[in-house]
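In this note's numbering, each number is its position in the sequence shown, counted from 1, plus 18.
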Amino acid sequence: LDKLVTAGGAVVVLGGPAPGAIEPPAWLNGVAEVRTRYLGPKRRAGSGTYTPPEESHREVLTRSPFSRIEVARWDRTVARDLDSVIGLQFSYSYSSPAQLGEHKDAFEQDLRKALLAFTPSGQFDEVIHTEAIIATRP
């Protein structure tokens with residue numbers, strides 16, 4: 019990137035906090051429990067499993083020519099209904115219909131029951147934490 023980014027330019031990495039850095043709402047723990055029951059404790063990635071990186075984006079950038087780091091953070095509350103939460107789980111590569119195979123319908127039924135046990139109203143609020151890591155040359 020050092021050769022591609024013009025003088026005065028920056029590298030920006032958008033994302034959320036590291037998994038486990040923020041306590042999720044209780045209903046998300048219920049989603050994780052059902053997913054683990056069907057797919058096991060290791061997070062799926064394609065035909066294998068996901069291995070988290072050993073270093074954070076910030077650590078890598080600090081060693082790069084773009085070592086001056088600023089971080090901007092913001093939060094947004096997202097409200098979803100039951101079908102949206104279930105659809106969201108199917109949209110993830112690690113809990114997609116392809117990953118679940120013939121267990122997709124049973125997964126959906128169990129997930130629906132678990133979610134309604136946490137929130138009978140069927141309204142699920144989640145605070146989405148986002149951060150922008152802005153890295154420039156010193």
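For glycine and all other residues, C-beta sits at the position ideal for the given N, C-alpha and C.
**Asked** Under three-state DSSP, which class holds ILE87?
**Response** strand
Pair every Cβ in the segment 97 to 104 with every Cβ in the segment 145 to 155, then say whether three or more of these pairs are closer than 8 Å.
-> no
At what residues does the beta strand (DSSP E) containing HIS147 begin and finish? 141 to 154
### Task
Less than 8 Å between the CB atoms is what I'm expecting for ARG86 and THR154, so what's the real figure, rounded?
5 Å
Identify the residues that DSSP records as bridge partners of GLY64: which are they? For GLY64, which the question treats as bridged, DSSP gives no partner whatsoever.
* **Per-residue burial, LEU19 [other beta carbons within 10 Å of its own, 16 or more giving buried]** => exposed
Taking the straight line between their C-alpha atoms, what separation do you get for GLN107 and SER113? 6 Å
query = Do VAL52 and ASP128 have their C-beta atoms within less than 8 Å of each other?
reply = yes
(message) Just verifying my parser: in three-state terms, what is the DSSP assignment at VAL96?
(response) strand
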